[in-house]
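Participant:
Residue numbers (the numbering used here), protein chains in the order written: chain X, 2 to 149; chain G, 2 to 149; chain V, 2 to 149; chain D, 2 to 149.
(1) I believe residue 87 of chain G touches residue 19 of chain G by the beta-carbon criterion, under 8 angstroms. Please report the beta-carbon distance rounded to the nearest angstrom.
(2) How would you call residue 42 of chain D, buried or exposed, if buried means at least 16 neighbouring beta carbons within 10 angstroms?
(3) Indicate whether at least one CB of chain G lies closer than 9 angstroms to the CB of residue 25 of chain D.
(4) Grab the span of the alpha helix (DSSP H) containing residue 38 of chain X for me, first residue to last.
(5) Residues of chain D with CB closer than 8 angstroms to the CB of residue 60 of chain G, please, in chain order.
(6) Are there 16 or more other CB atoms within 10 angstroms of the CB of residue 146 of chain X, so buried, or fewer, so exposed?
(7) Alpha carbon to alpha carbon, how far is residue 74 of chain D from residue 64 of chain V? Give it in angstroms, no decimals.
(8) Determine, using beta carbons only, whether residue 89 of chain D and residue 52 of chain D come nearer to each other than 9 angstroms.
(9) Thinking C-beta only, is residue 103 of chain X closer than 9 angstroms to residue 123 of chain X?
(10) Taking its Cβ as the centre, do 16 or more other Cβ atoms sit within 10 Å of residue 5 of chain X, making it buried, or is it exposed?
(11) What residue from G:136, G:132, G:29, G:109 has the CA that sits closest to residue 76 of chain X's CA?
(12) Assign residue 58 of chain V to buried or exposed, taking buried as 16 or more other Cβ atoms, counted over all protein chains shown, within 10 Å of its Cβ.
(13) Kindly list the residues whose CB is nearer than 7 angstroms to the CB of residue 135 of chain D, restricted to its own chain and excluding five residues on each side of it in sequence; keep chain order.
(14) I'd like to know if residue 69 of chain G contacts chain X, where contact means its C-beta is closer than 9 angstroms to some C-beta of that chain.
(15) Quick check on the DSSP output: the beta strand (DSSP E) that includes residue 106 of chain G runs from which residue to which?
(16) Just tell me which of G:72, G:8, G:50, G:139 has its CA closest to the CA of residue 83 of chain D.
(17) According to DSSP, residue 85 of chain X sits in a beta bridge with which residue or residues?
(18) If contacts are defined as beta-carbon pairs under 8 angstroms, then residue 35 of chain G and residue 44 of chain G qualify, I think. What distance do you get, rounded to the angstrom?
(19) Take residue 106 of chain V as the anchor and find which of V:16, V:21, V:37 has the nearest alpha-carbon.
(20) Pull up the distance between the alpha-carbon of residue 142 of chain V and that of residue 56 of chain D, whole angstroms please.
(21) State buried or exposed for residue 2 of chain G, treating a residue as buried only when at least 16 other CB atoms are found within 10 Å of its CB.
(22) Within 10 Å of its beta-carbon, does residue 61 of chain D have 16 or more other beta-carbons around it, so buried, or fewer, so exposed?
(23) Kindly list, in the order they appear in chain X, the residues whose Cβ is closer than 9 angstroms to that of residue 29 of chain D.
(24) Since residue 115 of chain G sits in a beta bridge, which residues does DSSP pair it with?
(25) With burial defined as no fewer than 16 other Cβ atoms inside 10 Å of the residue's Cβ, what is the status of residue 1 of chain D: buried or exposed?
(26) For the beta strand (DSSP E) containing residue 74 of chain D, name the first residue and the last one.
(27) Could you name the residues that DSSP lists as bridge partners for residue 124 of chain G?
(28) Report, in whole angstroms, the separation of the C-beta atoms of residue 130 of chain X and residue 13 of chain X, which I expect to be a contact under 8 angstroms.
(29) In the DSSP output, which residue or residues are listed as bridge partners for residue 94 of chain D?
(30) Could you please give me the residues that DSSP links to residue 134 of chain X through a beta bridge?
(31) Beta-carbon within less than 7 angstroms of residue 38 of chain G's beta-carbon, same chain only, minus the 5 sequence neighbours each way: which residues are those?
(32) Using a C-beta to C-beta distance shorter than 9 angstroms, which residues of chain V count as neighbours of residue 44 of chain X?
(33) Against chain V, with Cβ distances strictly below 9 angstroms, would residue 93 of chain D count as a contact?
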């Protein structure tokens with residue numbers, strides 16, 4: 002039993018497809034994407050999606066999300082300078098928390114529709130000042146509901 | 002059931018304690034350590050430990066480890082410029098793979114001995130040229146056995 | 002007299018315009034792009050351009066470029082999640098070295114055509130094994146000449 | 002004439018010596034420290050020094066420093082997992098700005114006292130709300146004066 006225990010490993014399993022770019026420093030000494038970069042790309046994709054579709058602003062919003070858990074299962078290699086895609090879906094939606102299923106794969110993606118990595122990610126909304134859990138904003142919830 | 006499913010969350014649960022430093026860019030807009038940084042610190046600690054104790058050289062070794070799975074459960078906040086410690090233990094040791102339990106916590110650590118994050122990490126050894134699984138080197142195995 | 006001493010600060014001063022994406026972790030605690038990220042983006046843009054147009058492969062090429070000098074003058078703020086553009090031009094082309102002028106600016110760029118940062122960057126080609134200077138490959142030189 | 006135009010390239014040229022650690026991801030595909038990492042390490046060392054000696058807090062201080070210019074001259078290679086040292090000195094001290102000379106070198110440093118890289122860095126203090134230049138705090142100035 003692992004962190005990404007319900008593997009859905011096809012592009013079609015993820016309602017949102019968010020294009021992301023790779024960088025020179027993403028490749029490590031083995032010439033492939035470093036394992037921590039997968040998480041950084043998921044983080045960037047989720048938050049850019051929330052900025053565009055829910056107007057989220059991390060510097061001023063009274064409530065913002067912190068990561069409670071994350072996990073990744075690495076299925077095949079990726080590398081700079083390839084363009085990639087983050088797949089996002091919502092598995093569970095609570096009052097103050099949301100659980101995502103995530104994927105990362107190369108744009109273009111022949112010869113199969115299998116993704117290169119799958120993950121799981123739990124966001125909990127907290128108040129800026131107290132850092133205590135709080136219900137997520139309505140605009141954010143609406144975006145998540147559309148990705149269930 | 003989550004990615005870090007057998008929580009051992011005390012400093013004493015980890016045989017190896019590896020000091021790590023934080024950086025300005027580790028803090029995100031919320032003023033705390035970004036979630037992907039935990040994985041980068043674990044990666045750096047594991048590989049520096051293998052370089053020192055097993056003579057591992059990622060640029061020339063015929064067999065090297067790639068990450069098959071990783072996960073993290075975030076229990077409390079950490080922040081630059083604090084000095085931190087990575088805790089490392091070996092949970093399972095196969096012929097070509099090793100499963101770590103990992104922790105991250107502030108150096109000093111009052112008032113409790115609870116760690117700030119726990120994780121799980123699976124390394125699989127592969128041949129440099131073929132990227133096919135291969136038995137890990139004997140020097141590496143000896144280091145892992147001492148951390149079981 | 003500074004590192005970016007001949008300021009050409011308009012979009013039109015740079016023959017190559019390479020789109021780059023920002024990431025969550027690019028913003029520091031002040032909510033704007035961290036200063037080191039400018040260099041990482043320039044590095045990524047230059048090398049992706051060389052991969053596409055000159056077929057450069059950093060893992061196998063017998064000669065590859067190392068950075069001898071770099072500098073940046075920061076003129077205005079940039080921030081994730083905005084899409085950016087790297088401007089690239091060649092100022093000097095030697096046998097084994099090339100000097101770039103570089104820029105970074107927001108895609109879209111109203112209300113002026115002033116860039117947000119200008120820089121200077123010197124690449125020296127070295128042999129993989131000896132790390133001694135060596136003439137750059139002909140395919141690479143052709144790409145640089147087109148950007149003079 | 003380059004960004005690091007007054008080369009002082011010996012350890013003794015820098016009044017402050019701040020130990021920094023390397024990370025797995027600092028090495029790029031060529032097996033040495035990526036050029037942008039030098040800037041990230043300088044940033045981390047300067048700000049940790051200001052936190053410790055001047056009580057600077059980037060999340061709440063009314064005035065904080067932004068980078069106006071930076072440059073680096075790369076003299077020899079460095080690599081993870083080596084421990085490094087940042088050298089810091091103050092070249093010029095104005096009302097709202099400070100110009101540093103910087104170095105990076107391996108801890109231990111035989112067989113010479115030559116540093117591996119030298120740099121120049123200009124910090125300008127700005128008000129948090131307006132981002133307009135403002136005199137630096139007295140506690141910070143005192144720290145800088147001691148490093149002239």
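Note that CB positions come from ideal geometry on N, CA and C, so glycine has one too. Computed from a predicted model, the values in this text were never measured in an experiment.
Facilitator: For this structure:
(1) Indeed, because the Cβ distance is near 4 angstroms, the residues count as touching under 8 angstroms.
(2) Classification of residue 42 of chain D: buried, given that the 10 Å Cβ count is 16 or more.
(3) Residue 25 of chain D counts as touching chain G.
(4) Boundaries of the alpha helix (DSSP H) around residue 38 of chain X: 36-55.
(5) Below the 8 angstroms Cβ cutoff, chain D contributes 32 as neighbours of residue 60 of chain G, in chain order.
(6) So residue 146 of chain X counts as exposed.
(7) When the Cα atoms are used, residue 64 of chain V and residue 74 of chain D turn out to be separated by approximately 21 angstroms.
(8) Going by C-beta atoms, residue 89 of chain D is not nearer than 9 angstroms to residue 52 of chain D.
(9) Not in contact: residue 123 of chain X and residue 103 of chain X (Cβ atoms no closer than 9 angstroms).
(10) Residue placement at residue 5 of chain X cannot be trusted, given a pLDDT of 46 that sits under 50; what the coordinates show is reported in the next sentence. The residue in question, residue 5 of chain X, is buried, as its Cβ has 16 or more Cβ neighbours within 10 Å.
(11) Taking only the C-alpha atoms, the option nearest residue 76 of chain X is G:132.
(12) It is exposed - the Cβ of residue 58 of chain V has fewer than 16 other Cβ atoms within 10 Å.
(13) Answer for residue 135 of chain D: 64, 97, 126, 127, 128, listed in chain order.
(14) Proximity of residue 69 of chain G to chain X, defined by a Cβ-Cβ separation below 9 angstroms, is satisfied.
(15) For residue 106 of chain G, the enclosing beta strand (DSSP E) begins and ends at 98-107.
(16) Checking every option, the nearest Cα to that of residue 83 of chain D belongs to G:50.
(17) BP columns for residue 85 of chain X point to X:21, X:107.
(18) Not a contact, Cβ separation roughly 14 angstroms.
(19) Taking the Cα of residue 106 of chain V as reference, the smallest distance to any Cα among V:16, V:21, V:37 is reached at V:21.
(20) Per the coordinates, the alpha-carbon of residue 142 of chain V lies some 51 angstroms from the alpha-carbon of residue 56 of chain D.
(21) The predicted position of residue 2 of chain G is uncertain, since its pLDDT is 36 and thus under 50; no value can be drawn from it.
(22) In the assembly as shown, residue 61 of chain D is an exposed residue. Its beta-carbon has fewer than 16 other beta-carbons within 10 Å.
(23) 25, 26, 28, 29, 30, listed in chain order.
(24) Residue pairing for residue 115 of chain G: DSSP places it in a beta bridge opposite G:11.
(25) Here chain D has residues from 2 to 149 only, and residue 1 of chain D is not among them.
(26) Run containing residue 74 of chain D: 64-75, per the beta strand (DSSP E) assignment.
(27) Answer is G:68, G:99.
(28) About 42 angstroms separates the Cβ atoms of residue 130 of chain X and residue 13 of chain X, ruling out a contact at the 8 angstroms cut-off.
(29) Beta-bridge pairing links residue 94 of chain D to D:99.
(30) Answer is X:127.
(31) Taken in chain order, the residues that qualify are 27.
(32) Near residue 44 of chain X (Cβ distances below 9 angstroms), the residues of chain V are 24, 25, 26.
(33) No, residue 93 of chain D lies away from the interface with chain V (no Cβ there is under 9 angstroms from its Cβ).
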